[in-house]
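Notes follow once the structure below has been shown.
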Amino acid sequence: MNIRLAQHTDLKSINTIYNQAVAARYCTADLDPISISEREKWFDTHSEDKYPVYVGLENDVVVAWFSFSAWRLGRRALEMSAEVSYYIHDKHFRKGYAKQLMNFAIEKAPELGFINLFAILLEPNTASIKLLEKFDFQLWGRLPDIANIDGEVCSQRIYGRKV
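Sequence positions in the sequence shown follow this note's numbering and run 25 to 187.
Okay, structure coming up:
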């Protein structure tokens, strides 16, 4: 898989992959599919020099993506930390793409001025928990019973690490 900066033309693929995660449940706290206009607004909060979005390509087709996002956008004291999010197309699970994206994110973070990376996820998302733990992310926090997914209440976890 090749990794490159996301472009506006990738938004449809990024959104398709994200909405697969919405439909799968427990991969995101969104319950409804995200529209392209919502995705464009999200993309506009990311910049190449500070909070970039990257796509993973297989044969020039977007099969995965990840982003660095601001924690509490606008609060400059927090700019040394970034949230990482990653999503894989459901036809490309178990190919090691999430590991590749995480390696890339950890390597890229210092260039962007980040010393802390963290991920926020729902507790039933054990695949992501295992991935984060493989990359030495530690449990930094737990928000008990904070999410209601189709009538099932679950907790959120925050995993983080220094880079």
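C-beta atoms are modelled at their ideal positions from N, C-alpha and C, and glycine is treated no differently.
Alpha carbons only, please: which of the options is nearest the one belonging to residue i?
{"i": "Lys123", "options": "Leu155, Gly98, Met104, Glu131", "result": "Leu155"}
{"i": "Tyr183", "options": "Ile173, Glu176, Gly165, Ala151", "result": "Gly165"}
{"i": "Cys51", "options": "Gln162, Arg181, Phe161, Leu145", "result": "Leu145"}
{"i": "Lys36", "options": "Ile153, Val79, Glu107", "result": "Val79"}
{"i": "Phe161", "options": "Arg185, Pro168, Arg181", "result": "Arg185"}
{"i": "Leu81", "options": "Glu62, Met104, Ser93, Asp34", "result": "Asp34"}
{"i": "Tyr75", "options": "Arg100, Ile170, Ser91", "result": "Ser91"}
{"i": "Val85", "options": "Arg181, His116, Glu147", "result": "His116"}
Which same chain residues end up closer than 8 Å to residue i when comparing Cβ atoms and leaving out the 5 residues on each side of it in sequence?
{"i": "Val187", "result": "Ile130, Ala133, Pro134, Phe138, Ile139, Asn140, Leu141"}
{"i": "Pro57", "result": "Asn43, Val46, Ala47"}
With a 10 Å radius around its C-beta and 16 neighbouring C-beta atoms as the bar for buried, classify residue i as buried or exposed.
{"i": "Asn149", "result": "buried"}
{"i": "Val177", "result": "exposed"}
{"i": "Leu125", "result": "buried"}
{"i": "Ala88", "result": "buried"}
Using a beta-carbon distance below 9 Å, is residue i in contact with chain C?
{"i": "Glu82", "result": "The displayed structure is made up of one protein chain only, and chain C is not part of it."}
When you compare the CB positions of residue i and residue j, do they come within less than 9 Å of one another, or not?
{"i": "Glu64", "j": "Leu29", "result": "no"}
{"i": "His113", "j": "Ile60", "result": "no"}
{"i": "Ser109", "j": "Ala151", "result": "no"}
{"i": "Gln180", "j": "Ile173", "result": "no"}
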